[in-house]
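Protein chains: 2
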Amino acid sequence: MSEPTPESRAGAASTSSTPSSPATVSAVVGVVAYSRTVACTRYAKDADKAPTMAARVSLMRMSAAAVAGYDRVAEAAAAQGVDAAVQTQRFVGSLGDFDERLRPADWPERMVKTYLAFGLLIDFCMALADGLPEPLRGSLLDELADEHLGALASRELVPAIDADDQLAARLGLWGRRVVGEEMGLLVRMLGQHPELASGAASAEVLHQVLSQGAVNRMQGLGLRG
Amino acid sequence: MSEPTPESRAGAASTSSTPSSPATVSAVVGVVAYSRTVACTRYAKDADKAPTMAARVSLMRMSAAAVAGYDRVAEAAAAQGVDAAVQTQRFVGSLGDFDERLRPADWPERMVKTYLAFGLLIDFCMALADGLPEPLRGSLLDELADEHLGALASRELVPAIDADDQLAARLGLWGRRVVGEEMGLLVRMLGQHPELASGAASAEVLHQVLSQGAVNRMQGLGLRG
Chain A
1 MSEPTPESRA
11 GAASTSSTPS
21 SPATVSAVVG
31 VVAYSRTVAC
41 TRYAKDADKA
51 PTMAARVSLM
61 RMSAAAVAGY
71 DRVAEAAAAQ
81 GVDAAVQTQR
91 FVGSLGDFDE
101 RLRPADWPER
111 MVKTYLAFGL
121 LIDFCMALAD
131 GLPEPLRGSL
141 LDELADEHLG
151 ALASRELVPA
161 IDADDQLAAR
171 LGLWGRRVVG
181 EEMGLLVRML
191 GQHPELASGA
201 ASAEVLHQVL
211 SQGAVNRMQG
221 LGLRG
Chain B
226 MSEPTPESRA
236 GAASTSSTPS
246 SPATVSAVVG
256 VVAYSRTVAC
266 TRYAKDADKA
276 PTMAARVSLM
286 RMSAAAVAGY
296 DRVAEAAAAQ
306 GVDAAVQTQR
316 FVGSLGDFDE
326 RLRPADWPER
336 MVKTYLAFGL
346 LIDFCMALAD
356 GLPEPLRGSL
366 LDELADEHLG
376 ALASRELVPA
386 IDADDQLAAR
396 LGLWGRRVVG
406 EEMGLLVRML
416 GQHPELASGA
426 ASAEVLHQVL
436 SQGAVNRMQG
446 LGLRG
């Protein structure tokens, strides 16, 4: 994975003066709104497997917040004449059989999977949204930034990883698999929807954002990327 | 399944003058709150498989509403000195491997499964809640009654069932399997937590409520019970 560079930060894209095409705006709305629907399901499924009521309730609340987020994204998009439901539909299924290929063996693996896969999806969405014109850019970035995922993952994972070298090694391997699969999916999504990448949010920048995000997230958990 | 009788209606239990024991109150709070957490996950999983954005968004909203419902149940319980999280914990996992044993082959089977299994769980919870003292009784019944499941199931299923005799026959068989499994689970839950059934919400009344609910729900979809 690449070293951090200033250009790999999503924020750099906002300096772009290339206006986004309507096709790009619509596609980015679709991916961001789709990410909210997927978050609803992912967090709710994780809630069902949570070992404590505290984690269960946290994840349920995150799931419900993703639904409210979908509605806010749809509202912001509608104000720009974009139908979020129509755009979301195009991306339904584009995360494919990710879940079938990556079945967590236990709760720590499940949390690592959700944290890394969703973290990367959020990084990806933020880099895309950052290239859009205001006020849509700000609305989508606000929505994506409002994530309790990092705090939950830290709470559920960091003490256990710090206390158990074997767990840390196993989760490090697992995390690399998750990152590899998720990056493959997102790169494929870019290939199938080339209109997503435009201006400063080029395919190359997106790659860098994802690579750097993966490194940061693995390290944040105390795992070796 | 039994013929409808006035006594099989959950409402009849409210005439009970036997006060509920604290153990019953706590256990019923646990089952009702647990049903909200399970609803969050079930609806969110169904949303992910929905064939249309309209159904996807409806189910996401139902999932989020179940989360808000959990919070309201917890608040009403706290006002009576009952910790809903602690009580819920006791029931986590009590629906067991229901999902593994009943894998829907397609969207209509998925909707029939959710509608019948959750419908029966709601009937069960309402009959239990109906035996509690006010104001908890009213709070829990209001929460359980606020279900959009019936409307969604009608919209998604009834036109298809009316138009296709083969589908109706297949879903009729499937529905009977779902009802059988779910009733078995709820009866087992009663056996494991005998404090749930008390006063007018006796095990016998609960059986009748479930049987009648199953008949009504199958018939409501146009399926032969």
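Respectively, the protein sequence lines represent chains A and B. According to the working numbering, the first sequence is numbered sequentially starting from 1. According to the working numbering, the second sequence is numbered sequentially starting from 226. The beta-carbon is built from N, C-alpha and C at its ideal position, and this holds for glycine as well. All figures in this text were calculated on a predicted structure; none of them were measured in a lab.
Residue i - partner residues in DSSP beta bridges
i	result
Ser230 of chain A	Summary: the structure shown does not reach residue 230 of chain A, with chain A confined to residues 1 through 225, and so no result is reported for it.
Per-residue contacts from residue i into chain A (C-beta, under 9 Å)
i	result
Ser260 of chain B	None at all; the shortest Cβ gap to chain A is about 13 Å.
Gln215 of chain B	One cannot answer for residue 215 of chain B here, as it falls past the ends of chain B, which runs 226 to 450.
Glu388 of chain B	Note that residue 388 of chain B is Ala in the sequence shown, not Glu. Those within 9 Å of Ala388 of chain B in chain A number zero; the least Cβ separation is about 24 Å.
Ala342 of chain B	Result: empty, since nearest Cβ-Cβ is about 15 Å, beyond 9 Å.
Ala252 of chain B	Under the 9 Å cutoff, chain A gives no residues; its nearest Cβ is about 16 Å from Ala252 of chain B.
Ala330 of chain B	Correct list: empty, because the minimum Cβ distance to chain A is about 17 Å.
Distance, residue j Cα to residue i Cα
i	j	result
Val298 of chain B	Gly150 of chain A	28 Å
Ser319 of chain B	Gly409 of chain B	12 Å
Glu100 of chain A	Asp123 of chain A	23 Å
Ile161 of chain A	Gln212 of chain A	21 Å
Gly199 of chain A	Gly131 of chain A	7 Å
Val440 of chain B	Val404 of chain B	9 Å
Pro6 of chain A	Ser288 of chain B	Reliability of the predicted coordinates at Pro6 of chain A is poor, the pLDDT of 39 falling under 50, and no value is obtained from them.
Glu406 of chain B	Phe323 of chain B	7 Å
Leu221 of chain A	Arg56 of chain A	20 Å
Arg170 of chain A	Ala129 of chain A	34 Å
Gln312 of chain B	Leu59 of chain A	18 Å
Trp174 of chain A	Glu109 of chain A	7 Å
Leu196 of chain A	Ala153 of chain A	29 Å
Met53 of chain A	Phe316 of chain B	11 Å
Ala342 of chain B	His207 of chain A	45 Å
Cys237 of chain A	Gly294 of chain B	Since the displayed chain A opens at 1 and closes at 225, residue 237 of chain A lies outside it and no answer follows.
Tyr34 of chain A	Ala66 of chain A	10 Å
Arg9 of chain A	Ala85 of chain A	Interpretation of Arg9 of chain A is limited by its pLDDT of 40, a score under 50 that renders its predicted location unreliable; the figure taken from the coordinates is listed afterwards. Taking the straight line from one Cα to the other gives about 29 Å.
Gly344 of chain B	Asp165 of chain A	47 Å
Ala388 of chain B	Lys338 of chain B	20 Å
Leu190 of chain A	Val82 of chain A	20 Å
Val250 of chain B	Arg286 of chain B	29 Å
Arg175 of chain B	Pro419 of chain B	Absent from the structure is residue 175 of chain B, since the part of chain B shown begins at 226 and ends at 450.
Arg359 of chain B	Leu186 of chain A	In the sequence as displayed, the identity of residue 359 of chain B is Glu instead of Arg. Rounded to the nearest angstrom, the two C-alpha atoms are 53 Å apart.
Gln417 of chain B	Ala352 of chain B	18 Å
Gly30 of chain A	Arg442 of chain B	37 Å
Ala237 of chain B	His148 of chain A	Its pLDDT being 41, under 50, Ala237 of chain B is placed unreliably by the model, and nothing is read from it.
Val257 of chain B	Leu210 of chain A	42 Å
Leu361 of chain B	Ala269 of chain B	28 Å
Arg449 of chain B	Gln89 of chain A	35 Å
Ala168 of chain A	Tyr115 of chain A	15 Å
Ala252 of chain B	Arg261 of chain B	14 Å
Gly96 of chain A	Arg176 of chain A	19 Å
Gly397 of chain B	Leu346 of chain B	19 Å
Ala370 of chain B	Gln219 of chain A	47 Å
Asp296 of chain B	Met336 of chain B	26 Å
Chain-ordered chain B contacts of residue i [CB-CB under 8 Å]
i	result
Ser63 of chain A	Cys265, Ala269, Ser288, Ala289 and Val292
Ala78 of chain A	What Ala78 of chain A touches in chain B: nothing, since even the nearest Cβ is about 14 Å away.
Partner residues on chain A for residue i, Cβ-Cβ distance less than 8 Å
i	result
Asp322 of chain B	Neighbours of Asp322 of chain B on chain A: none; closest Cβ ~13 Å, over 8 Å.
Ala272 of chain B	Thr37, Cys40 and Thr41
Ala370 of chain B	The contacting residues do not exist; Ala370 of chain B stays about 20 Å from chain A at best.
Contact list for residue i against chain B, beta-carbon separation under 7 Å
i	result
Met60 of chain A	Thr262, Cys265, Val292 and Tyr295
Residues that residue i contacts on chain A, provided the C-beta gap is smaller than 7 Å
i	result
Ala378 of chain B	Ordered by position in chain A, no residue passes the 7 Å Cβ test against Ala378 of chain B, which lies about 19 Å from the chain.
Ala352 of chain B	Near Ala352 of chain B there are no residues of chain A at all, since even the closest Cβ is about 25 Å away, more than 7 Å.
Ala385 of chain B	Neighbours of Ala385 of chain B on chain A: none; closest Cβ ~20 Å, over 7 Å.
Ala426 of chain B	By Cβ distance, chain A contributes nothing, its closest Cβ being about 25 Å from Ala426 of chain B, past 7 Å.
Ala393 of chain B	Under the 7 Å cutoff, chain A gives no residues; its nearest Cβ is about 28 Å from Ala393 of chain B.
Ala197 of chain B	This structure cannot speak to residue 197 of chain B, because chain B is shown only from 226 to 450.
Chain E within 8 Å of residue i, Cβ atoms only
i	result
Ala197 of chain A	Among the chains of the structure shown, chain E does not appear; the protein chains present are A and B.
Chain-ordered neighbours of residue i on chain B, where CB pairs are closer than 9 Å
i	result
Ala214 of chain A	Here the premise fails: no neighbours, minimum Cβ distance about 25 Å.
Fill in: Stretch pair the region 379-398 of chain B + the region 291-310 of chain B: three plus CB contacts closer than 8 Å
no
Worksheet entry | 4-residue-minimum alpha helix (DSSP H) runs that sit fully inside the region 244-324 of chain B, ordered along the chain | 247-274, 278-303 and 309-316
Discussion item. For the structure I just gave you, are there three or more beta carbon pairs, one from the region 243-262 of chain B and one from the region 130-144 of chain A, closer than 8 Å?
Written reply: no
Discussion item. Taking 8 Å as the cut-off, does the region 262-281 of chain B touch the region 34-49 of chain A (at least 3 CB pairs, one atom from each stretch)?
Written reply: yes
Discussion item. Quick check: the region 202-210 of chain A against the region 95-115 of chain A, are at least 3 beta-carbon pairs closer than 8 Å?
Written reply: no
Item to complete: Counting only runs of 4+ residues fully inside the region 115-191 of chain A, write out the alpha helix (DSSP H) ranges in chain order.
Response: 136-145 and 149-163
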